[in-house]
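Colleague: Here the sequence shown is numbered in the working numbering, starting from 15 and rising by one per residue.
Sharing a structure here in structure tokens format.
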Amino acid sequence: MIIAVDGPAGAGKGTISRALAQHFSLKYIDTGLMYRALAYKALAENVDLSHENSLVTLAKTLTTGDLQLPELRMEEVGNAASKIAVLPAVRAQITLHTRRFSQEITAPYKGVVLDGRDIGTVVCPDADIKIFVTAAPKVRAERRLAEMMQSGKQPQQNMLEQIIERDQRDQTRAASPLVPAIDATLLDTSELTIRDACQRAVAVVAAYQNENVQVLRSANGCR
Ligand code: DC
């Protein structure tokens, strides 16, 4: 089973994806981490964030070990990731990595949950289930600030502006912009608790599984 979970930063897709992975015994892949890892390497090696060829060369060297660094969660790395994510050749390289990782799934996993921006539209257009998680920018900014305070980081003053700027860049880029796939289920978490949001996502997947069982049963002549 392949589940695509897309949406803007701070909407809750990471938490929802992890909950789905745990509930349905699936492997979780955070594709944003790949863009972050590449951006982090580029910043560390002074590679120009608009230099597509150098970034593609760097992207080819990415390994799963590069995805483990705690620094990847920093806001500046997220903003740099959003900048390099506009480059089509960089996206093509990361899409190749993502598809390879998702094909390497073995037991005990029964499939994969991919969390990103273009999973349902570009990376896995044939995913079994597509969920587009969203929330109002103000709510997402408040969540990010609360997370920062909780982890003892200095809260940033212009979080809402940064979120709006990042949304704008992610949604308007020419290469695979952030848009819901036509067949995605929309999940707005603005007024939901984490628990409720996860439960709704679990219900979407359970309904899909149930429907499939019914189709199989009727194909086999059962009621
Ligand atoms: O989900 P995140 O905040 O970790 O993602 C960081 C940036 O990476 C985001 O601003 C856009 C980009 N990204 C993307 O373009 N496509 C993906 N599938 C995942 C992330």
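Think of the CB as a built atom: it goes at the ideal place given N, C-alpha and C, for glycine as much as any other residue.
Nothing here was measured: the structure is a model prediction, and the numbers come from that model.
1. Can you tell me whether Ser190 is buried or exposed, with buried defined as 16 or more other CB within 10 angstroms of its CB?
2. Mind listing, in chain order, the continuous alpha helix (DSSP H) runs of no fewer than 4 residues lying wholly within the stretch 117-203?
3. Please confirm whether Thr203 and Ala149 have their CB atoms less than 8 angstroms apart.
4. Could you give the residue range of the beta strand (DSSP E) that holds Asp20?
5. The beta strand (DSSP E) spanning Asp44 covers which residue range?
6. For the alpha helix (DSSP H) that contains Leu72, what are its first and last residues?
7. At a threshold of 7 angstroms, does Ala133 count as lining the ligand DC (C-beta to nearest heavy atom)?
8. Roughly how many whole angstroms lie between the Cα atoms of Val227 and Ala217?
9. Would the stretch 31-46 count as touching the stretch 108-125 if we require 3 or more Cβ pairs under 8 angstroms?
Modeller: Let me spell this out:
1. For this step, residue 190 is matched to residue 176 along the sequence shown. Buried, since its Cβ has 16 or more Cβ neighbours within 10 Å.
2. 151-164 and 173-186
3. Within the sequence shown, numbered from 1, the residue matching residue 203 stands at position 189. Within the sequence shown, numbered from 1, the residue matching residue 149 stands at position 135. Contact: yes.
4. Position 6 of the sequence shown, counting from 1, holds the residue named residue 20. Run containing Asp20: Ile16 to Asp20, per the beta strand (DSSP E) assignment.
5. Numbered from its first residue, the sequence shown carries residue 44 at position 30. Asp44 -> beta strand (DSSP E) spans Lys41 to Asp44.
6. For the purposes of this step, residue 72 is taken as residue 58 along the sequence shown, with counting starting at 1. From DSSP, the alpha helix (DSSP H) with Leu72 extends over Glu66 to Lys74.
7. One-based indexing of the sequence shown puts residue 133 at position 119. The residue asked about is misnamed: residue 133 is Ile in this sequence, not Ala. True, at least one ligand heavy atom lies under 7 angstroms from that Cβ.
8. Position 213 of the sequence shown, counting from 1, holds the residue named residue 227. Position 203 of the sequence shown, counting from 1, holds the residue named residue 217. When rounded, the distance between both Cα atoms is 15 angstroms.
9. yes
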